[in-house]
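All remarks here apply to the structure that follows.
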Amino acid sequence: GESVGLHLPTLSVQEGDNSIINCAYSNSASDYFIWYKQESGKGPQFIIDIRSNMDKRQGQRVTVLLNKTVKHLSLQIAATQPGDSAVYFCAENSNTGKLIFGQGTTLQVKP
Amino acid sequence: DAGVTQSPTHLIKTRGQHVTLRCSPISGHKSVSWYQQVLGQGPQFIFQYYEKEERGRGNFPDRFSARQFPNYSSELNVNALLLGDSALYLCASSLVGSSYEQYFGPGTRLTVT
Numbered sequence: 047g048e049s050v051g052l053h054l055p056t057l058s059v060q061e062g063d064n065s066i067i068n069c070a071y072s073n074s075a076s077d078y079f080i081w082y083k084q085e086s087g088k089g090p091q092f093i094i095d096i097r098s099n100m101d102k103r104q105g106q107r108v109t110v111l112l113n114k115t116v117k118h119l120s121l122q123i124a125a126t127q128p129g130d131s132a133v134y135f136c137a138e139n140s141n142t143g144k145l146i147f148g149q150g151t152t153l154q155v156k157p
Numbered sequence: 077d078a079g080v081t082q083s084p085t086h087l088i089k090t091r092g093q094h095v096t097l098r099c100s101p102i103s104g105h106k107s108v109s110w111y112q113q114v115l116g117q118g119p120q121f122i123f124q125y126y127e128k129e130e131r132g133r134g135n136f137p138d139r140f141s142a143r144q145f146p147n148y149s150s151e152l153n154v155n156a157l158l159l160g161d162s163a164l165y166l167c168a169s170s171l172v173g174s175s176y177e178q179y180f181g182p183g184t185r186l187t188v189t
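Going down the list, the protein sequences come from chains A and B. Going left to right, the first sequence walks through residues 47 to 157 as the working numbering numbers them. Going left to right, the second sequence walks through residues 77 to 189 as the working numbering numbers them.
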């Protein structure tokens with residue numbers, strides 16, 4: 047069935063380092079991918095998105111890469127800060143209004 | 077402008093009871109989706125409503141139902157609560173039903189004892 051999965055459940059990085067969070071998806075019909083950040087006790091917060099006709103998209107300190115050949119998505123966070131500590135989810139959408147989420151990766155930033 | 081709002085914030089119910097959760101979308105957004113997030117997992121899609129009509133339903137039993145009002149707010153109802161219904165219930169709003177961008181509210185934490 048459709049699924050979006052994450053390679054690592056927990057990622058621990060030093061403050062100031064770059065972080066890379068990976069995600070695999072299985073539905074080749076998905077044409078839109080989103081990264082969400084969820085802090086404890088809060089709802090998911092939209093970070094960045096990318097459509098399937100793109101390979102890379104940059105935001106402020108974040109970059110999303112999409113490799114459709116291997117169905118892989120990654121989120122890169124530059125100069126990781128303590129405020130970046132959260133659970134990160136990738137999600138896919140195929141214009142059905144239904145987001146399919148992965149399990150999530152916990153990012154821990156060490157001072 | 078206010079974001080997506082949900083009420084109540086927390087709720088404790090007993091098995092077999094009924095619960096109603098409420099959501100107000102971002103002003104101007106006409107579509108509301110509901111998700112269930114069990115601790116340690118990603119959100120799971122329950123329903124999407126657009127212009128007061130159900131546009132999609134996830135793999136949830138008939139005990140779960142929802143509706144959308146003329147002002148685009150929405151209610152999620154769950155009957156005959158089970159312990160396994162304990163979760164964070166999230167509401168997301170989008171401009172139209174086919175919009176990719178969905179913005180989430182803070183959620184309602186439901187505990188069933």
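Quick reminder that beta carbons are idealized off the backbone N, C-alpha and C, glycines included.
Go ahead and label residue i buried or exposed: buried means 16 or more other beta carbons lie within 10 angstroms of its beta carbon, across all protein chains shown.
{"i": "D63 (chain A)", "result": "exposed"}
{"i": "S83 (chain B)", "result": "exposed"}
{"i": "Q178 (chain B)", "result": "buried"}
{"i": "P55 (chain A)", "result": "exposed"}
{"i": "H53 (chain A)", "result": "Note that H53 (chain A) scores 48 on pLDDT, short of 50, meaning its location in the model is unreliable; the coordinates nonetheless yield the value given after this. Exposed, because fewer than 16 other Cβ atoms sit within 10 Å of the Cβ of H53 (chain A)."}
{"i": "I122 (chain B)", "result": "buried"}
{"i": "L184 (chain A)", "result": "The question about residue 184 (chain A) has no answer, for chain A in this structure spans 47 to 157."}
{"i": "F145 (chain B)", "result": "exposed"}
{"i": "N113 (chain A)", "result": "exposed"}
On a Cα-Cα basis, can you pick out the residue from the options that is closest to residue i?
{"i": "V95 (chain B)", "options": "B:S162, B:Q178, B:F180", "result": "B:S162"}
{"i": "V188 (chain B)", "options": "B:W110, B:Q82, B:V114, B:S103", "result": "B:V114"}
{"i": "R97 (chain A)", "options": "A:F147, A:A137, A:Q60", "result": "A:A137"}
{"i": "P137 (chain B)", "options": "B:L157, B:E151, B:S150, B:R143", "result": "B:L157"}
{"i": "K88 (chain A)", "options": "B:L166, B:Q124, B:S149", "result": "B:L166"}
{"i": "R139 (chain B)", "options": "B:P146, B:F145, B:V154, B:Y179", "result": "B:V154"}
{"i": "I67 (chain A)", "options": "A:A132, A:N139, A:D101, A:G143", "result": "A:A132"}
{"i": "Q104 (chain A)", "options": "A:T115, A:S86, A:I123, A:K114", "result": "A:I123"}
{"i": "A125 (chain A)", "options": "A:Q106, A:P90, A:G143", "result": "A:Q106"}
{"i": "V108 (chain A)", "options": "A:I93, A:M100, A:L119, A:I80", "result": "A:I93"}
{"i": "L171 (chain B)", "options": "B:T90, B:G134, B:I88, B:S107", "result": "B:S107"}
{"i": "K144 (chain A)", "options": "B:R91, B:S109, B:V80, B:G104", "result": "B:S109"}
{"i": "H105 (chain B)", "options": "B:A168, B:G183, B:L186", "result": "B:A168"}
Determine the extent of the beta strand (DSSP E) in which residue i is found, giving its start and end residues.
{"i": "H86 (chain B)", "result": "86-89"}
{"i": "R133 (chain B)", "result": "129-133"}
{"i": "L57 (chain A)", "result": "56-60"}
{"i": "I122 (chain B)", "result": "120-126"}
{"i": "K156 (chain A)", "result": "151-156"}
{"i": "N73 (chain A)", "result": "Note, N73 (chain A): premise wrong, no beta strand (DSSP E); not H, not E."}
{"i": "F135 (chain A)", "result": "132-139"}
{"i": "A163 (chain B)", "result": "163-170"}
I'd like to confirm the pairing. Which residues does DSSP put opposite residue i in its beta bridges?
{"i": "Q91 (chain A)", "result": "A:K83"}
{"i": "S141 (chain B)", "result": "B:N153"}
{"i": "T109 (chain A)", "result": "A:Q104, A:Q122"}
{"i": "S65 (chain A)", "result": "A:I123"}
{"i": "Y78 (chain A)", "result": "A:R97, A:N139"}
Please indicate yes or no: does the CB of residue i lie closer than 8 Å to some heavy atom of the ligand GTP?
{"i": "Y148 (chain B)", "result": "This structure lacks the ligand GTP, and indeed carries no ligand of any kind."}
If residue i and residue j are in contact, beta carbons under 8 Å, what's the gap, nearest whole angstrom?
{"i": "P128 (chain A)", "j": "E61 (chain A)", "result": "6 Å"}
{"i": "G153 (chain A)", "j": "S65 (chain A)", "result": "The amino acid occupying residue 153 (chain A) in the given sequence is Leu; Gly does not appear at that position. Indeed they touch by this definition, with Cβ atoms about 6 Å apart."}
Does any CB atom of chain C fall closer than 9 Å to the CB of residue i?
{"i": "K88 (chain A)", "result": "The structure shown has no chain C; the protein chains it does contain are A and B."}
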